[in-house]
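The opening position of the sequence shown corresponds to residue 92 in the working numbering, with each subsequent residue numbered one higher.
For every residue, glycine included, the Cβ atom is placed at its ideal position computed from N, Cα and C.
Being a predicted model, the structure only gives us computed values, none of them experimental.
Reviewing the structure listed below.
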Amino acid sequence: MAFGKWTLRPALGPLLAVGSLAALTWASYAWVQQRQLDELHRTLDSRAELYAASIGGALNKYEFLPLAVAQSDAVAQLLERPSADKVTQINAYLVDMNRRAGAFAVYVLDDKGTTLASSNWQDRSSYVGVNYGFRPYFKNAIAGGIGRFYGIGFSTFEAGYFISQPVQRDGRIIGIVAAKVNLDWIEQSWRTPGAGEQIWVKDANGVIILATTPAFKFKTLAPLSPAAKKDISEQRQFLQENLPILPHQVQRQFADGASVMTLERPQTGDIPALSGSADKVDYLAVNRALGPLQWQITVLAELDQVNEAARNAAIAAALGWALLLLALMYARQRRRRIADKLNAQQTLARAYEQLEIKVEQRTADLVHANGRLQAEVAERERAEQTLRYAQAELVQSGKLAAIGQMAAGVTHELNQPLAALQTFSDNAKVFLARGQIDDALDNLSTISDLVKRLGYVTSQLKGFARRSGDARKPVSVRQAFAQTMLQMRTRKNSQRLTLHESWLEDDIIVLCNAIGLEQVFTNLITNAMDAVPESEPVQIWFQVRREGDLAVLHITDNGPGIPLASLDKIFDPFYTTKEHGLGLGLSISAGILRAAGSALAVRNRSAQEGGGAQFTITLSCAPGEKNTETEETPDARE
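Right, dumping it as structure tokens:
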């Protein structure tokens, strides 16, 4: 029995040492790997959010194109009474609209789905005469909604994003207008040389429609359901593509939908395959929902650096533990030698040895500290490079977002002048036909003023880089308001509007841009008319008063007022309480007045005051403007 205990004790120490070494190595590997994975997860979350916002903004900026074309009376006349002359006219109109918008194609379909006119009517793959009634974007638009669809073109065999809007006249849908947008440029922007990041976008059925690596496109991560296969086949979404499953293996699934998956390392045709380049690679994949079509964007990053950091940590822990064990064993042996050797010679020798050991330990510590310092410097340099890259990406995304905002703003502000141009040009033709030359010349003069206003609106694009130099010039308030009302009388249902004006005896000259001030008046009056239900008359009170060197203008309506939750955000870009508004009118108006050194404010009137919303414009009077003290005229509603 004693012999058994004696043989067990010598073996127990090495077993404990090996076991503790293995446990420490595994724990270090797992802990560092999890920390690196969490950090990468947070980084990919931010990047996925950024990519999703970038794609969403790129798609939204084309939403206006079919809507603008659908408002054209000439398009409606073509759908109601098709003729060769009208087809030629609309083809030219669509070519011009498509050139301005930068889309792939814009085309008009009748209520059966046959294309009557298209911007690519001269191409060999022209849409004219082709029936697209089987496409979902046609079915959704002809039913009164907005059609959105991604697929391979039936005529061009090129993939793209389709947007459609119904053309309505007299309460019925007579056709649709569709636009196709090529999204290849989005994939090109993802393909950064040397990046270890993969990006793809899946549609609602799980088919990869956009990808950094072309080999991943039109593949799925799971078998399609019978219903999905049927929809894709009936819609001819991908034509002859068989949509194979992308070989992959999910290693780990996270609660937020992220996962660790294994894929074959992607290869490009212009770079020869290196040894091991076709091996499988582990990726961390993070998903984000995208757009109204239930798309999903996935950002994948290689885990080579995560695994390498974990391996280095495990090796360092193992070496440290081994060194500690060796130090303990050495200390034990040294104690034994001290106990065995008692004479002075052996004590002196041991002291000398101890001195040498201490010198070596100090040297080793210095070398180790120097190595750690170099590693920390290298890590900081890598972090700085990563930060610079992220900053460059944020700058690029900011530019794309700014361009989208400018395009949407210009589109919003062109609607009113364009509608007025249509009315005055039609009236001019009637006057000329009747021989009323003077009336026709008056209309042409008004059309010239409207063209100047259009030029001012488009010149705001230059203001993106610098402020316009004519933002503070003398302008007559009375003349600007009269010009605005001349345009407003051409608006549909303008007969609902009753205007109550309260002016001072003398006209007031203020510092602002003349066309910009008309634009502000137009936006405020248009919003007031939209706020009042169509079944009720519109009452607007316009009051002007003088306060020292300032002119104060009040515009009040009889609408329901502005919701309290929206008062603080009503001047923010893209914020709107309208069902189909862009949210840019008040933001642009406030910007015009700010450029003139003026201000725009809003409040809801109390029930005792008569209710409704009241906008107040404060403008600086022109130098030398006579300050006529007049008794303040009370609000006509009070």
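Check your understanding: Could you give the distance in angstroms between the alpha-carbon of Ala-407 and the alpha-carbon of Ser-137?
Key -> 32 Å
Exposed or buried, what is Met-420 when buried is set at 16 or more other beta-carbons lying within 10 Å of its beta-carbon? exposed
Please list the terminal residues of the continuous alpha helix (DSSP H) segment that includes Thr-575.
In the DSSP assignment, Thr-575 falls within the unbroken alpha helix (DSSP H) covering 568-579.
Residues bridged to Thr-353 (per DSSP)
Gln-340, Asp-373
Name the two residues that bound the continuous beta strand (DSSP E) containing Pro-257.
250-260
* **CA-to-CA distance, Val-568 to Glu-475, given in whole angstroms** => Rounded to the nearest whole angstrom, the CA to CA distance from Glu-475 to Val-568 is 56 Å.
Exercise. Which of helix, strand or coil does DSSP assign to Ala-380?
Worked result: strand
*Going by the beta-carbon positions, is the gap between Gly-266 and Asp-201 smaller than 7 Å?*
yes
- Cα separation between Asp-261 and Thr-304? 49 Å
Based on Cα-Cα distance, which residue from Ala-113, Leu-384, Arg-696, Lys-371 lies nearest to Thr-353? Among Ala-113, Leu-384, Arg-696, Lys-371, the Cα nearest to that of Thr-353 is on Lys-371.
Could you name the residues that DSSP lists as bridge partners for Gly-266? Asp-201, Val-258
Taking the C-alpha atoms as reference points, what is the distance between Ile-606 and Pro-157? 28 Å
When we look at the beta-carbon of Tyr-443 and count the other beta-carbons within 10 Å, is it buried (16 or more) or exposed? exposed
*Starting from the Cα of Asp-519, find the closest Cα among Gly-526, Leu-512, Ala-531, Asn-649 and give me that residue.*
Sequence inspection shows Ala at residue 519; the Asp mentioned does not correspond to that position. Residue Ala-531 holds the alpha-carbon nearest to the alpha-carbon of Ala-519 among Gly-526, Leu-512, Ala-531, Asn-649.
Exercise. Taking contact to mean at least 3 C-beta pairs separated by less than 8 Å, is the region 416-435 in contact with the region 309-325?
Worked result: no
Examine the Cβ distances between the region 590-599 and the region 511-528 and report whether three or more of them are shorter than 8 Å. no
Practice item. Express the C-alpha separation of Gly-148 and Phe-612 in angstroms, rounding to a whole number. Key: 29 Å
Item checked: Supposed contact pair Phe-307 and Leu-334 - C-beta distance, whole angstroms, cut 8 Å -> Going by Cβ atoms, the distance from Leu-334 to Phe-307 rounds to 12 Å, so no, they are not a contact pair.
### Task
Note down, in chain order, each residue of its chain lying with its Cβ closer than 7 Å to the Cβ of Leu-131, except the 5 sequence neighbours on either side.
Leu-375, Ala-392, Val-397
Tell whether a beta-carbon distance below 7 Å holds between Val-219 and Thr-205. no
* To do: Measure the C-alpha to C-alpha separation of Leu-171 and Ser-163 and round it to an integer number of angstroms.
  => Sequence check: residue 171 is Glu here, not Leu. Computed Cα separation, rounded: 13 Å.
Q. Val-166 and Val-199: beta carbons closer than 7 Å?
A. Their beta carbons are under 7 Å apart, which means Val-166 touches Val-199 by this criterion.
For the beta strand (DSSP E) holding Lys-660, just list the boundary residues, first then last.
-> Note, Lys-660: premise wrong, no beta strand (DSSP E); not H, not E.
| Going straight from the alpha carbon of Ala-570 to that of Asp-529, what length do you get? | Before going further, note that residue 570 is Gln rather than Ala in the sequence given. Gln-570 and Asp-529: Cα-Cα distance of roughly 21 Å.
| Where Gly-674 and Phe-662 are concerned, what is the direct C-alpha to C-alpha distance, given to the nearest angstrom? | 8 Å
Residue range of the unbroken beta strand (DSSP E) whose run includes Arg-636: 629-638
- Task: Give me the Cα-Cα distance between Pro-651 and Gln-586, rounded to the nearest whole angstrom.
- Result: 20 Å
Using DSSP bridges, identify the partner residues of Thr-645. Here residue 645 turns out to be His, not Thr, going by the sequence shown. BP columns for His-645 point to Gln-634, Thr-707.
Below 8 Å on the Cβ atoms is my guess for Ala-704 versus Ile-653; work out the distance and round it to an integer in Å.
-> Cβ atoms of Ala-704 and Ile-653 come within 8 Å of each other, at about 5 Å.
*Name the two residues that bound the continuous beta strand (DSSP E) containing Tyr-184.*
Looking at the DSSP string, Tyr-184 is not in any beta strand (DSSP E); the run it does join, the alpha helix (DSSP H), is 175-192.
Practice item. Return the first residue and the last residue of the alpha helix (DSSP H) that Gln-387 is part of. Key: Element bounds for Gln-387: not the alpha helix (DSSP H) but the beta strand (DSSP E), 386-393.
Ser-533 versus Gly-236 - alpha carbon distance: A small correction: the amino acid at residue 533 is Asp; Ser does not occupy that position in the sequence shown. In a straight line, the C-alpha of Asp-533 is about 41 Å away from that of Gly-236.
* Would you identify the three-state DSSP class for Leu-588, choosing helix, strand or coil? => DSSP places Leu-588 in strand when its eight states are reduced to three.
Using the three-state DSSP reduction, which class does Lys-271 fall into: helix, strand or coil?
strand
Member of Gln-452, Asn-461, Arg-580, Gln-465 whose CA lies at the smallest distance from the CA of Phe-515 = With distances taken between Cα atoms, Phe-515 lies closest to Arg-580.
| query | Hey, quick one: how far does the beta strand (DSSP E) through Tyr-241 stretch, first residue to last? | reply | Residues 238-243.
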